[in-house]
Amino acid sequence: MTTSTSNSCSRVALWSAMFFPTGNLSAKGGGLESFYDVMRSHGATRRSFLKFCSLTATALGLGSSFIPRIAHALETKPRTPVIWLHGLECTCCTESFIRSSHPLAKDAIFSMISLDYDDTIMAAAGMQAEAILNDIMTSYKGRYIVAVEGNPPLNEDGMYCFPGGEPFIEKLKRVSADAKAVIAWGACASWGCVQAAKPNPTRATPIAGVILDKPIIKVPGCPPIPEVMAAIITYVITFDRIPPLDRQGRPKMFYGQRIHDKCYRRPHFDAGQFVENWDDEGARKGHCLYKMGCKGPTTYNACSTVRWNDSVSFPIQSGHGCLGCSENGFWDKGSFYDRVVDINQFGVESNADRIGLAVVGAAGAAIAAHAVVSAIKSSVVKMQELKSLGEAHNKAAQEEDRQ
Numbered sequence: 003m004t005t006s007t008s009n010s011c012s013r014v015a016l017w018s019a020m021f022f023p024t025g026n027l028s029a030k031g032g033g034l035e036s037f038y039d040v041m042r043s044h045g046a047t048r049r050s051f052l053k054f055c056s057l058t059a060t061a062l063g064l065g066s067s068f069i070p071r072i073a074h075a076l077e078t079k080p081r082t083p084v085i086w087l088h089g090l091e092c093t094c095c096t097e098s099f100i101r102s103s104h105p106l107a108k109d110a111i112f113s114m115i116s117l118d119y120d121d122t123i124m125a126a127a128g129m130q131a132e133a134i135l136n137d138i139m140t141s142y143k144g145r146y147i148v149a150v151e152g153n154p155p156l157n158e159d160g161m162y163c164f165p166g167g168e169p170f171i172e173k174l175k176r177v178s179a180d181a182k183a184v185i186a187w188g189a190c191a192s193w194g195c196v197q198a199a200k201p202n203p204t205r206a207t208p209i210a211g212v213i214l215d216k217p218i219i220k221v222p223g224c225p226p227i228p229e230v231m232a233a234i235i236t237y238v239i240t241f242d243r244i245p246p247l248d249r250q251g252r253p254k255m256f257y258g259q260r261i262h263d264k265c266y267r268r269p270h271f272d273a274g275q276f277v278e279n280w281d282d283e284g285a286r287k288g289h290c291l292y293k294m295g296c297k298g299p300t301t302y303n304a305c306s307t308v309r310w311n312d313s314v315s316f317p318i319q320s321g322h323g324c325l326g327c328s329e330n331g332f333w334d335k336g337s338f339y340d341r342v343v344d345i346n347q348f349g350v351e352s353n354a355d356r357i358g359l360a361v362v363g364a365a366g367a368a369i370a371a372h373a374v375v376s377a378i379k380s381s382v383v384k385m386q387e388l389k390s391l392g393e394a395h396n397k398a399a400q401e402e403d404r405q
């Protein structure tokens with residue numbers, strides 16, 4: 003049997019175990035089997051299990067000393083029941099997650115959790131599906147996790163989203179009431195996304211705007227990176243708590259740095275080398291895309307480090323600027339091809355130094371002004387570029403030169 007065929011069989015077996023469970027009850031107190039139990043039942047070796055624990059520690063940014071702790075947790079703790087709900091959304095988060103080529107999200111994660119309810123991909127439907135949902139809520143009260151993709155509309159008493167004969171807002175509140183934690187997948191659940199675009203006729207509202215009494219983990223992006231999604235679940239299961247969050251409720255381990263900070267094109271930014279037009283010499287040489295509207299300098303995400311499609315690439319590497327899809331309100335902030343200086347969100351349109359201060363704080367201030375200073379030091383940038391960047395930028399550069 004080839005490796006490809008073997009992997010396919012493994013995936014089929016794991017999906018079967020997830021959606022058509024048999025013998026789910028463990029001898030350990032009649033609860034769900036542990037992750038390790040399920041891996042063993044599907045023929046995984048001890049070495050494979052420890053390799054997975056090592057990959058998990060790496061994905062979470064933890065040292066090798068955490069590998070035994072992760073292994074112990076996955077050996078002894080029962081799989082966590084997860085209820086995956088869908089509101090107003092396009093299902094891109096699910097598509098991203100299930101199509102990942104990384105084993106963490108592709109195979110192992112389906113053994114790690116007990117995804118017993120997801121009305122988009124589950125086999126059951128109608129009354130049978132609702133019976134499963136009610137059974138999970140009763141049997142695992144206070145122990146299950148609610149993962150939400152999309153958001154509830156509040157206008158017209160929630161009638162714009164009405165799954166199973168119930169307004170989604172009511173279903174969300176009912177299911178979340180006894181949940182251990184709530185995960186808001188994607189920009190829709192975290193911020194509102196295009197459903198909430200002005201004038202927002204349905205009054206689409208992010209999850210944190212309606213669930214006020216539960217810890218909420220925001221995992222923004224349109225969609226989020228699948229390995230990030232898998233790692234968040236792994237963290238909760240391993241450490242029995244939510245990961246450290248920033249002030250906006252996002253996991254610091256994946257949303258603690260700007261894409262710009264780790265972008266492989268950053269040296270070109272520092273050297274004042276920019277793409278001026280699509281398919282110009284700068285584009286062919288892989289220069290910085292800031293002038294073409296790249297939002298990397300103001301976007302917090304792991305795209306430039308974790309990347310996509312088994313770490314093959316990410317949008318900037320493919321030649322297109324970052325859209326800022328993990329940031330709140332990106333859909334209402336002007337064209338994707340407008341420079342950051344032109345975005346109305348910041349209240350200023352001519353001073354990139356102020357934009358940097360408003361967005362990333364003093365440490366990351368003066369995005370465009372920094373570009374000008376770098377350009378002055380670089381022999382590649384012509385004097386006419388400085389004129390086109392405006393009087394304010396020249397003034398900022400002169401002040402820094404005097405210092």
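Taking my numbering, the leading residue of the sequence shown gets 3, the next gets one more, and so forth. For every residue, glycine included, the Cβ atom is placed at its ideal position computed from N, Cα and C. Being a predicted model, the structure only gives us computed values, none of them experimental.
From the listed residues Val230, Phe164 and Val212, the smallest Cα separation to Thr60 is found for Val230. Per DSSP, the continuous beta strand (DSSP E) segment holding Ser116 begins and ends at Ile115 to Asp120. By the Cβ criterion, the region 280 to 293 is not in contact with the region 242 to 254, since fewer than three pairs of Cβ atoms, one from each stretch, lie closer than 8 Å. Residue range Thr82 to His88 is occupied by the beta strand (DSSP E) that includes Thr82. When C-beta atoms of the region 134 to 148 are compared with those of the region 79 to 93, three or more pairs fall below 8 Å, so the two segments count as touching. Under the three-state reduction of DSSP output, Asn279 falls in the coil class, being neither helix nor strand.
Taking 3 residues as the minimum length, the beta strand (DSSP E) runs contained wholly in the region 161 to 225 are 183 to 187 and 218 to 221, in order along the chain. With a 10 Å radius around the Cβ and a threshold of 16 neighbouring Cβ atoms, Asn136 comes out exposed. The beta carbon of Ser315 sits closer than 7 Å to the beta carbons of Arg309 from its chain, once the five residues preceding and following it are set aside; these are given in chain order. Bridge pairing for Ala149: Trp86 and Ile185 [DSSP]. By the neighbour-count criterion, in which 16 or more other beta carbons inside 10 Å mark a residue as buried, Met161 falls on the exposed side. In the three-state DSSP reduction, Pro253 falls in the strand class (E or B). Taking the Cα positions, Asn330 is about 21 Å away from Ile171. Note on Asp159: under 16 other CB atoms within 10 angstroms of its CB, so exposed under the neighbour-count rule. According to DSSP, residue pairing for Tyr302 in a beta bridge involves Arg260. Nearest to Gly258 by alpha-carbon distance, out of Thr300, Ile213, Ala232 and Pro225, is Thr300. Distance from the CA of Thr122 to the CA of Glu91, rounded to the nearest whole angstrom, comes to 12 Å. A straight line joining the alpha-carbon of Lys297 with that of His270 spans about 16 Å.
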